[in-house]
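Asks: Following the numbering used here, the numbering of the sequence shown begins with 1 at its first residue and continues without gaps. In this text, a Cβ means the ideal position worked out from N, Cα and C, and glycines have one as well. Structure in structure tokens, see below.
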Amino acid sequence: MKISNKEYLAHFIALTTIIIWSLTFVQTKVLLEYLTPIEILIDRFIIAWFLFFIIVPKVIFFSPKEELLFIFLGFTGIFGYYILENLALKYSKAINVGVIVTTAPIFTALILLFIKKAPKQKVIFTFLGFILVLVGLLIMDYQKFSTLNIGDLLALIGALSFGVYSFLLSKVDNRYNLFIVTRKSFFWGIIFLSIYFYITHQTFAPIEIYKKPLIWSNLLFLALIASGLCFLMWRYAVSIIGSSKTSNYIYLIPILNSLAAIYILGEKLDINTTIAMVLVLGGLFIAQKYGI
């Protein structure tokens with residue numbers, strides 16, 4: 001089947017989104033010197049929400065069924081994924097968590113399999129692509145990979161959460177404005193983040209911290225680009241090429257992180273990383289071209 005220009009654009013947008021998300025570790029690492037992970041999340045999504053409200057100040061009252069969908073979007077994509085990933089890092093190594101959260105696309109594919117029948121050949125190629133990606137990631141960091149623990153389970157649930165988010169996103173009525181849809185899911189995500197912030201008895205950093213250019217510049221990048229723009233682009237890509245094809249680009253995150261470490265942090269490219277890149281790219285190609 002010939003791919004239209006619109007689909008090519010959607011693939012490019014999904015890839016661009018993943019590249020930006022892969023680079024956010026730089027800003028997050030800087031902010032973690034002054035703010036807690038939950039503070040960073042609440043700050044970035046509140047700023048993004050206000051930006052979207054300024055751009056499209058229109059208020060829409062959704063039906064109870066539609067509102068429930070947005071609640072689940074906020075819970076899975078904003079709250080569930082990010083909180084579980086942060087909790088996982090407390091109990092497990094970063095490499096374990098990094099590898100496990102890339103399984104999100106396979107959960108999206110599994111949900112699609114349960115919802116609708118797919119040709120057997122597409123199912124086989126989807127799982128073949130996933131296996132190649134997983135082998136590549138394990139080769140890249142097998143020496144650092146630790147035994148499985150509770151943190152890995154939390155990371156797996158986090159991957160499931162984002163997989164569900166990508167699937168649910170495809171169920172949002174396309175007649176609604178992109179800004180309004182994203183703003184609404186951000187709203188519920190902020191509600192759940194705030195509840196978590198309250199029940200865990202956390203406090204915000206002194207206001208003086210936010211006066212530092214280093215803080216607000218990195219926060220603005222995370223809020224306006226990594227949250228605002230990227231979630232808009234992700235929603236657009238899902239609406240054009242579907243949740244499974246869009247989610248497959250998540251497989252690239254560990255590879256992009258490694259490339260960033262090489263070019264930004266000056267780390268060296270070793271043979272394991274090279275082999276891993278070939279396997280991951282091969283797995284992604286198979287999943288995109290022949291999978292669900």
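Within 10 angstroms of the Cβ of L169, are there 16 or more other Cβ atoms? Answer buried if so, exposed if not.
Replies: Here residue 169 is taken as the residue at index 169 of the sequence shown, counted from 1. Its Cβ being crowded by 16 or more others within 10 Å, L169 is buried.
Asks: Have a look at Y81 and G158 and give me their C-alpha separation to the nearest angstrom.
Replies: Locating residue 81 in the sequence shown gives position 81, where the first residue counts as 1. Locating residue 158 in the sequence shown gives position 158, where the first residue counts as 1. Y81 and G158: Cα-Cα distance of roughly 5 Å.
Asks: Look up E7 in the DSSP assignment and say whether it is helix, strand or coil.
Replies: For the purposes of this step, residue 7 is taken as the residue at position 7 of the sequence shown. In this structure, E7 counts as helix in the three-state DSSP scheme.
Asks: Start and end of the alpha helix (DSSP H) containing D43?
Replies: For the purposes of this step, residue 43 is taken as the residue at position 43 of the sequence shown. Segment P37 to I55, the alpha helix (DSSP H) holding D43.
Asks: Would a C-beta distance cut-off of 7 Å place L31 and N218 closer than the cut-off?
Replies: In the sequence shown, the residue the question calls residue 31 occupies position 31. In the sequence shown, the residue the question calls residue 218 occupies position 218. Yes, they are a contact pair.
Asks: Return helix, strand or coil for D270, following the three-state DSSP convention.
Replies: As a position in the sequence shown, residue 270 is number 270, starting the count at 1. The answer is coil: DSSP assigns D270 none of H, G, I, E or B.
Asks: Relative to the alpha-carbon of F50, which residue among D152, F187, F107 and V238 has its alpha-carbon at the smallest distance?
Replies: For the purposes of this step, residue 50 is identified with residue 50 of the sequence shown, where counting begins at 1. That would be F187, whose Cα lies nearest to the Cα of F50.
Asks: State yes or no: is the C-beta of V101 within less than 7 Å of the C-beta of A155?
Replies: Here residue 101 corresponds to residue number 101 of the sequence shown, with the count starting at 1. Here residue 155 corresponds to residue number 155 of the sequence shown, with the count starting at 1. Cβ distance < 7 Å, so V101 and A155 count as in contact.
Asks: Do the CB positions of T126 and G291 come within less than 7 Å of each other?
Replies: As a working note, residue 126 is residue 126 in the sequence shown. As a working note, residue 291 is residue 291 in the sequence shown. In contact: T126 and G291 (Cβ atoms closer than 7 Å).
Asks: R44 and L222 - do their beta-carbons sit closer together than 7 Å?
Replies: Translated into the one-based positions of the sequence shown, residue 222 becomes position 222. Translated into the one-based positions of the sequence shown, residue 44 becomes position 44. Yes, these two residues count as a Cβ contact at 7 Å.
Asks: Does the distance from the CB of I106 to the CB of F130 come in under 7 Å?
Replies: By one-based count along the sequence shown, residue 106 stands at place 106. By one-based count along the sequence shown, residue 130 stands at place 130. Yes, the Cβ-Cβ distance between I106 and F130 is below 7 Å.
Asks: Using the rule of at least 16 other Cβ atoms within 10 Å of the residue's Cβ for burial, across every protein chain shown, is A205 buried or exposed?
Replies: Here residue 205 refers to the residue found at position 205 of the sequence shown. Result: exposed.
Asks: How is G228 classed by DSSP in three states: helix, strand or coil?
Replies: Along the sequence shown, read from residue 1 onward, the residue named residue 228 stands at position 228. It is helical.
Asks: Would you kindly work out how many angstroms separate the C-alpha atoms of N149 and P37, rounded to a whole number?
Replies: Indexing the sequence shown from 1 puts residue 149 at position 149. Indexing the sequence shown from 1 puts residue 37 at position 37. Distance between the alpha carbons of N149 and P37: 22 Å.
Asks: Would you please state the rounded distance, in angstroms, between the beta carbons of I18 and I241? I believe it to be under 8 Å.
Replies: For this step, residue 18 is matched to residue 18 along the sequence shown. For this step, residue 241 is matched to residue 241 along the sequence shown. About 14 Å separates the two Cβ atoms, so there is no contact after all.
Asks: Go through the segment 189-241 residue by residue and report every complete run of the beta strand (DSSP E) that reaches 3 residues or more, in order.
Replies: none
Asks: Does DSSP put T76 in a helix, a strand or coil?
Replies: Within the sequence shown, the letter at position 76 stands for residue 76. Secondary structure of T76 (DSSP, three-state): helix.
Asks: At the level of alpha carbons, what is the spacing between E66 and I271?
Replies: To locate residue 66, count along the sequence shown from 1; it is residue 66. To locate residue 271, count along the sequence shown from 1; it is residue 271. Distance between the alpha carbons of E66 and I271 is about 49 Å.
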